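Enquirer: Quick one: the structure is below, and I'll ask about it shortly.
Number of protein chains: 2
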Amino acid sequence: MREKIYLGLVHYPVYNRNQETVATSVTNFDIHDISRSCKTYDVKGYHIITPVDAQVELTSRVIGYWKDGFGGNFNKDREEAFSSTYVTESIEKAVEEIEKAEGKKPVIVTTSARVYDNSISYEDMSEKIYNDDNVYLLLFGTGHGLVDEIMDSCTHILDPIRGKTKYNHLSVRSAVAIILDRLLGEK
Amino acid sequence: MREKIYLGLVHYPVYNRNQETVATSVTNFDIHDISRSCKTYDVKGYHIITPVDAQVELTSRVIGYWKDGFGGNFNKDREEAFSSTYVTESIEKAVEEIEKAEGKKPVIVTTSARVYDNSISYEDMSEKIYNDDNVYLLLFGTGHGLVDEIMDSCTHILDPIRGKTKYNHLSVRSAVAIILDRLLGEK
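Chains as they are written, first to last, in our numbering: chain A, 767 to 953; chain B, 767 to 953.
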């Protein structure tokens, strides 16, 4: 359902360049750019997912500055962008909070540079979002991507973004922007 | 022509929040994210445009680190992303360099949050790019946007990006990603 889209940026569990499971750091630009993209495409909630106490504290402080502090007074557009941004300790916790708010579990959708059995095109996914009454949670991995256990548990995996080249190393911020536009942008 | 697309990120002349003409600072994430987006969509050259000596020096040092220095050895993908990224002192200079390389002046295209007389849809612009033999330079303004003189001198101005809401404050990094995908992404 178009009005019930959520987005999660996962900092744990993800792979590092050696395929080890790690927790990555939250990047200030991921907070800002993705909050702004989510607000533009009317995403209902943006969950920055990290279990690390120091990261939770730092990220909460940044968000608070723009939601309630000096930043929001200085820049009203940014205050608005941050109004639906949350720090959440795990994917499970994000699912739980969405279920509490919506009365049903979200269908989990993710993206990958590979093609899977349950890969889906942007067109088909967009049609589902507009036409069924599910709640959706779009998950994006940081670092070198979501661990296999998470990929295996997703309902849908979006096709890789292809430009024209074989080069496929977009920043997660750019990938989020493109995917929101493909799924939710004006037709 | 699809193979002859260039992109310029303009740090001068642009407006600040008070409609004064200023030079903005180059942001590290603008160098990285936009280089990666350009490489993904096969943009032939990415010009970071700033006339400020200290900014030219700093930006050149960042690019050099990834093109020729330690960074490129550590991360080959990033080295590739930076292979067509340049620091250029003005829009005129970028146009001159493109003309020297291509044998003809580029047609200048920009984008705005407003609609102009010469506004063009993404579909029409994409069709032109794929079907005519012009060289194109896509200009993006930082700060609060390109000054009127530049907007007035452009051949085409792309329609504003609309998500679903009235909120229209994407980061320039996100806007670049979305626009490259709309114009140059797989059909």
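Just so you know, even glycine gets a beta-carbon here, dropped at the ideal spot from N, CA and C. Only a predicted model underlies this, so the values are computations on that prediction, with no experimental measurement involved.
Grouping DSSP H, G and I as helix and E and B as strand, with all else coil, what is I815/B?
Expert: On the second sequence, position 49 is the one that residue 815/B refers to. I815/B falls in the strand class under three-state DSSP.
Enquirer: What runs of the beta strand (DSSP E), each 3 residues or longer, lie entirely inside the stretch 775-809 of chain A?
Expert: Correct list: empty.
Enquirer: Is L903/A helix, strand or coil by DSSP?
Expert: The residue you call residue 903/A lines up with position 137 of the first sequence. Three-state result, L903/A: strand.
Enquirer: Give me whichever residues DSSP pairs with T876/A in a beta bridge.
Expert: Against the first sequence, residue 876/A aligns to sequence position 110. Answer is L905/A, I923/A.
Enquirer: Count the other CB atoms, across all protein chains shown, that sit within 10 Å of the CB of G830/A; report buried if there are 16 or more and exposed otherwise.
Expert: The residue given as residue 830/A occupies position 64 in the first sequence. Answer is exposed; the Cβ neighbour count stays below 16.
Enquirer: Count the other C-beta atoms from every protein chain shown that fall within 10 angstroms of the C-beta of Q785/A, then say buried if there are 16 or more, exposed otherwise.
Expert: If you number the first sequence from 1, residue 785/A lands on position 19. Classification for Q785/A: exposed.
Enquirer: Around the C-beta of T931/A, are 16 or more other C-beta atoms found within 10 angstroms, so that it is buried, or is it exposed?
Expert: By 1-based counting over the first sequence, the position of residue 931/A is 165. That one is exposed.
Enquirer: Just the chain B side, please: which residues come within less than 7 Å of A847/A by C-beta, in chain order?
Expert: Taking the first sequence and counting its residues from 1, one reaches residue 847/A at position 81. H935, listed in chain order.
Enquirer: Starting from Y888/B, follow the alpha helix (DSSP H) in both directions and report where the run begins and ends.
Expert: Here residue 888/B corresponds to residue number 122 of the second sequence, with the count starting at 1. Where Y888/B is concerned, the enclosing alpha helix (DSSP H) stretches over 888-897.
Enquirer: Using 8 Å as the limit for Cβ to Cβ distance, is I944/B near chain A?
Expert: Position 178 of the second sequence, counted from the first residue, corresponds to residue 944/B. Yes, its Cβ sits closer than 8 Å to a Cβ of chain A.
Enquirer: Quick one: measure Cβ to Cβ for H922/B and V875/B, integer angstroms, because I've assumed they're closer than 8 Å.
Expert: Counting from 1 along the second sequence, the entry for residue 922/B is found at position 156. Counting from 1 along the second sequence, the entry for residue 875/B is found at position 109. Indeed, because the Cβ distance is near 5 Å, the residues count as touching under 8 Å.
Enquirer: Can you pull out the residues from the stretch 802-821 of chain A whose beta carbon lies closer than 7 Å to at least one beta carbon of chain B?
Expert: Flagged, chain order: R802, S803, K805, T806, Y807, D808.
Enquirer: Between K930/B and chain A, is the shortest Cβ-Cβ distance under 8 Å, so that the two count as touching?
Expert: Mapped onto the second sequence, residue 930/B falls at position 164. So yes, K930/B belongs to the interface.
Enquirer: When the Cα of A847/B is compared with those of I927/B, S801/B, G951/B, G835/B, which residue comes out closest?
Expert: Here residue 847/B refers to the residue found at position 81 when the second sequence is read from its first residue. Selected option, being the one with the closest Cα: S801/B.
Enquirer: Alpha carbon to alpha carbon, how far is D890/A from L950/A? Give it in angstroms, no decimals.
Expert: For the purposes of this step, residue 950/A is identified with residue 184 of the first sequence, where counting begins at 1. For the purposes of this step, residue 890/A is identified with residue 124 of the first sequence, where counting begins at 1. The alpha-carbon atoms of L950/A and D890/A are separated by roughly 12 Å.
Enquirer: Considering only DSSP beta bridges, list what T851/A is partnered with.
Expert: In the first sequence, counting from the first residue as 1, residue 851/A sits at position 85. Partner(s): Y812/A.
Enquirer: Find out if the Cβ-Cβ distance for the pair S803/B, L903/A is shorter than 8 Å.
Expert: Your numbering for residue 803/B matches position 37 in the second sequence. Your numbering for residue 903/A matches position 137 in the first sequence. No. Outside cutoff.
Enquirer: Does any CB atom of chain B fall closer than 8 Å to the CB of R880/A?
Expert: Taking the first sequence and counting its residues from 1, one reaches residue 880/A at position 114. So, not an interface residue.
Enquirer: When the Cα atoms are used, what is the spatial distance from T813/A to N934/B?
Expert: Here the question's residue 813/A lines up with position 47 in the first sequence. Here the question's residue 934/B lines up with position 168 in the second sequence. According to the sequence as given, residue 813/A is His; it is not Thr. Using only the alpha carbons, I get a separation of about 21 Å.
Enquirer: With DSSP as the reference, label Y772/A as helix, strand or coil.
Expert: If you number the first sequence from 1, residue 772/A lands on position 6. Note: Y772/A maps to strand in three-state DSSP.
Enquirer: Does any C-beta atom of chain B lie closer than 8 Å to the C-beta of E868/A?
Expert: For the purposes of this step, residue 868/A is identified with residue 102 of the first sequence, where counting begins at 1. No, because no Cβ of chain B sits closer than 8 Å to the Cβ of E868/A.
Enquirer: Which residue from N839/A, D843/A, F795/A, N841/A puts its Cα closest to that of T825/A?
Expert: Residue numbering aside, residue 825/A sits at position 59 when the first sequence is read from its first letter. When each option's Cα is compared against that of T825/A, the closest is F795/A.
Enquirer: Between L912/B and V780/B, is the Cβ-Cβ spacing less than 8 Å?
Expert: In the second sequence, residue 912/B corresponds to position 146, counting from 1. In the second sequence, residue 780/B corresponds to position 14, counting from 1. Result yes, Cβ atoms of L912/B and V780/B sit closer than 8 Å.
Enquirer: Go ahead and label Y896/B buried or exposed: buried means 16 or more other beta carbons lie within 10 angstroms of its beta carbon, across all protein chains shown.
Expert: Walking along the second sequence from the start, residue 896/B turns up at place 130. Its Cβ having fewer than 16 others within 10 Å, Y896/B is exposed.
Enquirer: Looking only at C-alpha atoms, which of S885/B, M917/B, E893/B, S892/B sits nearest to P926/B?
Expert: Position 160 of the second sequence, counted from the start, is the residue given in the question as residue 926/B. Answer by Cα proximity: S885/B.
Enquirer: State yes or no: is the C-beta of I797/B within less than 8 Å of the C-beta of A860/B?
Expert: If you number the second sequence from 1, residue 797/B lands on position 31. If you number the second sequence from 1, residue 860/B lands on position 94. Cβ atoms of I797/B and A860/B: not closer than 8 Å.
Enquirer: On the criterion of 16 or more Cβ atoms from any shown chain inside 10 Å, does A943/B qualify as buried, or is it exposed?
Expert: Start at 1 with the first residue of the second sequence, and residue 943/B comes out as number 177. Counting Cβ neighbours within 10 Å, A943/B comes out buried, since at least 16 surround it.
Enquirer: What first and last residue would you give for the alpha helix (DSSP H) that runs through R948/A?
Expert: Counting from one through the first sequence, the residue named residue 948/A turns up at place 182. Element bounds for R948/A: 938-950.
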